[in-house]
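S.K.: Before I ask anything, let me first share the structure, which is written out below as structure tokens.
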Amino acid sequence: MEELMQYVWHHRLWLAGELRTVDNEPLTVIDVGQLNRDAGPDFFNSKIRIGDKFWCGNVEIHLKASDWYRHGHQENHAYDSVILHVVETNDCRITRPDGQVIPQIVLPTAHDFADRYGRFINNPANQLACAAEVKDLPPVMIHSWLDSLAFERIHSKADAIKERLERCGGDWEQATFITLARALGAGINGDSFERVAASLPLRLLHKHCDSLLSLEAFLFGQAGLLEGTPQDGYVEQLQSEYSFLRNKFGLKPLDNPGWRMSRMRPASFPHRRLAALAMMAYGGFSLLRRLLEVKNEAEARKLFEITLTGYWVDHFNFNAPMGAIKPTALSRQTTDMLVINVVAPLMTAFGETTGDDSLPDRAIDILEHLPGEGNRFVRHFVAAGIPCPNALISQAMVQLHTRYCDVRKCLYCRIGHRLLASKARP
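Per this note's numbering, the very first residue in the sequence shown carries number 1; after that it's consecutive.
Below, the structure written as structure tokens:
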């Protein structure tokens, strides 16, 4: 709850009326100061008036006054410039090392305010804490917040690509290949797919781009999926080809790749997704060049409209043939997911790196014309009365849920701030 006290001070949400110190001196807050998220006092450069004296310095906030001593601030010179100690409970006086008493105030807050915050942060993790109240907020405020969150999410993905690019020595195609692989693995196997792609220099795949068997052997072998696999004719071919490639190029399969397939739909098995990745590298991997030429969502989807051949026409897994129904290589839902997680972030990252402002704008336009996702994060907001008209908004909802709701950062969410502030002053 100390974080709540900091929030109340920062946003001046104490009860209206005259403030007084614990020694009954009138106190006026001129400037709450600058919030400090590092070591040291909670707020820097605060300005207050106590009685007829003007003070400029730092403010420290605790639940109990005795926390000052419990934290050892009386021995830390970083706290010598504290001019006010803000507390919820005044259980002792506090002093500087020279014995000078530091002024204290018990900050008055509305009872309902703390109760509501408690309900928010103690709400079950699989529920939206503000679900019953968010629908009453002005739509323009919600839409403005979602727009900001959408940009926050896109740029966080673009930043991840830039970091990947740096690890790849500035090789955009290699970074693109790894980005695509990670997206094909989705949330559950994304890390494993990224490790496989990062273990294979793209130049090796380019050198063998006219042989689909070689490409599949590279990927399945590095993924550790050829070891101990019950053999059929196709798997034996892969094992033989990978053995040759491994010895020729000094490759080493992943240690403990961590594949997860429990309760997964067969079309999402890593085997089938790796086969799709091999097909996209067949004939030469040129996704980045083609991606940068995309003008709309229809063209973006076509980047991932592939057809699997041979063994994977009727198999989900090794030795696991399909039934009568043969699904497409990648469903419409999956291609849309790849547009969201590959096309838009790569356009943004490339545009920001090269100074081409049209690319990030085009990425936004593409997301605005894709349907919203149907994941559990989006369903929570839709059930609470917030519509999701497109993928840009669904990405904002994912960002809000994962970065704020799930970790109970209600104080830093505009929706949470609005709802909490409405209870701060009854």
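We treat Cβ as the ideally placed atom computed from N, Cα and C, and that holds for glycine.
The structure presented is a predicted model; accordingly, all values stated were derived computationally and were not measured.
Thinking just about the alpha-carbon of each residue, which of Y234, K326, C168 is nearest to the one in F318?
M.R.: Of the candidates Y234, K326, C168, the one whose C-alpha sits nearest the C-alpha of F318 is Y234.
S.K.: Hey, how far is the Cα of G460 from the Cα of W259?
M.R.: Limits of the chain in this structure are 1 at one end and 426 at the other, which puts residue 460 out of reach.
S.K.: Mind the definition here: the stretch 102-119 touches the stretch 69-78 only if three or more C-beta pairs lie below 8 angstroms; say whether that holds.
M.R.: Segments in contact, no.
S.K.: Can you name the start and end residues of the alpha helix (DSSP H) that Q127 belongs to?
M.R.: Premise fails: Q127 is in no alpha helix (DSSP H) and is neither H nor E.
S.K.: Identify, in the order they occur along the chain, each residue of the same chain with its Cβ nearer than 8 angstroms to the Cβ of A421, setting aside the five sequence neighbours on each side.
M.R.: Closer than 8 angstroms at Cβ, skipping near neighbours: H11, L13.
S.K.: Check whether the stretch 243-255 touches the stretch 167-178, counting contact only when three or more Cβ pairs, one atom from each stretch, lie closer than 8 angstroms.
M.R.: Taking 8 angstroms as the limit for Cβ pairs, the verdict is that the stretch 167-178 does not touch the stretch 243-255.
S.K.: Using a 10 Å radius around the Cβ and a threshold of 16 neighbouring Cβ atoms, would you call G221 buried or exposed?
M.R.: Counting Cβ neighbours within 10 Å, G221 comes out buried, since at least 16 surround it.
S.K.: How about T348 and A158: do their beta carbons lie closer than 7 angstroms?
M.R.: Yes, they are a contact pair.
S.K.: Suppose you measure from the CA of S394 to the CA of A78; what does that come to, to the nearest Å?
M.R.: Each residue's Cα considered, the two are about 45 angstroms apart.
S.K.: Please list the terminal residues of the continuous beta strand (DSSP E) segment that includes G57.
M.R.: It spans 53-64 - the beta strand (DSSP E) in which G57 sits, taken as one unbroken run.
S.K.: Among F177, L291, P97, F304, whose alpha-carbon lies nearest the alpha-carbon of P360?
M.R.: If we check each option's Cα against that of P360, L291 comes out closest.
S.K.: Return the chain-ordered list of same chain residues with a C-beta closer than 8 angstroms to the C-beta of K326, the five sequence neighbours on each side being excluded.
M.R.: Within the same chain, K326 has close Cβ partners V313, D314.
S.K.: Just the Cα atoms here: how many angstroms apart are P266 and A183?
M.R.: Taking the straight line joining both Cα atoms gives about 17 angstroms.
S.K.: In the DSSP assignment, what are the bridge partners of P257?
M.R.: DSSP lists no partner for P257.
S.K.: Can you tell me which of A383, L419, R376 puts its alpha carbon nearest to the alpha carbon of D406?
M.R.: Here the closest residue by C-alpha is R376.
S.K.: Where in the stretch 264-306 do unbroken runs of the alpha helix (DSSP H), each at least 4 residues long, occur, reported from the N-terminal end onward?
M.R.: If we require 4 residues or more, the alpha helix (DSSP H) runs fully inside the stretch 264-306 come out as 270-281, 287-292, 297-302.
S.K.: To the nearest angstrom, report how far apart I94 and N58 are at their CA atoms.
M.R.: Approximately 15 angstroms, taken between the alpha carbons.
S.K.: Going along the chain, which residues of its own chain have a beta-carbon closer than 7 angstroms to the beta-carbon of F304, five neighbours each way excluded?
M.R.: Excluding residues within five positions, the ones whose Cβ falls inside 7 angstroms are L330, T335, L338.
S.K.: Give the DSSP bridge partners of V29, in chain order.
M.R.: Note: V29 sits in a beta bridge opposite I48.
S.K.: If you compare alpha carbons, which of G40, R116, T176, Q34 is closest to P201?
M.R.: Nearest C-alpha to P201: T176.
S.K.: Tell me which residues share the same chain as E216 and place their Cβ nearer than 7 angstroms to its Cβ, disregarding the 5 neighbours each side in the sequence.
M.R.: Counting only Cβ-Cβ distances below 7 angstroms, and skipping sequence neighbours, we find L238, A275, A278.
S.K.: Could you spell out where the beta strand (DSSP E) holding T328 opens and where it closes?
M.R.: Segment: none, T328 is in no beta strand (DSSP E) and carries neither H nor E.
S.K.: If you reduce the DSSP assignment to three classes, tell me which class T89 lands in.
M.R.: Three-state result, T89: strand.
S.K.: Can you find the residues in the same chain that come closer than 8 angstroms, C-beta to C-beta, to D91, ignoring five residues on each side of it along the sequence?
M.R.: Excluding sequence neighbours, D91 sits near K64, A65, S66.
S.K.: Measure the alpha-carbon distance for P138 versus A131 and round it to whole angstroms.
M.R.: Approximately 15 angstroms between the Cα atoms of the pair.
S.K.: Is there contact here, the stretch 138-150 with the stretch 396-416, by at least three beta-carbon pairs under 8 angstroms?
M.R.: At 8 angstroms Cβ cutoff, the stretches touch.
S.K.: By the 10 Å Cβ neighbour count, where 16 or more other Cβ atoms means buried, how is M261 classified, buried or exposed?
M.R.: With fewer than 16 Cβ atoms within 10 Å of its Cβ, M261 is classed as exposed.
S.K.: Taking all protein chains shown into account, do 16 or more other C-beta atoms lie within 10 angstroms of the C-beta of M1, making it buried, or fewer, making it exposed?
M.R.: So M1 counts as exposed.
S.K.: Tell me whether T179 is buried or exposed, calling it buried when 16 or more other Cβ atoms sit within 10 Å of its Cβ.
M.R.: Burial call: buried.
S.K.: Taking N375 as part of the alpha helix (DSSP H), name the residues at either end of that continuous run.
M.R.: Counting along the chain, N375 falls outside any alpha helix (DSSP H), and DSSP gives it neither H nor E.
S.K.: Could you tell me the distance, in whole angstroms, from the CA atom of P41 to the CA atom of L84?
M.R.: Cα-Cα distance, rounded: 10 angstroms.
S.K.: Y7 to I102, Cα distance in whole Å?
M.R.: Answer to the nearest angstrom: the Cα atoms are 22 angstroms apart.
S.K.: Going by DSSP, which residues form a beta bridge with R20?
M.R.: R20 is bridged to P26.
S.K.: Would DSSP call T353 helix, strand or coil?
M.R.: Helix, per DSSP.
S.K.: Helix, strand or coil, according to DSSP, for Q231 in the structure here?
M.R.: In the structure shown, Q231 sits in coil (DSSP, three-state: anything other than H, G, I, E or B).
S.K.: Between which residues of its own chain and E194 is the CB-CB distance below 8 angstroms, once the five residues before and five after are set aside?
M.R.: Answer for E194: I178, A181, R182, G185, listed in chain order.
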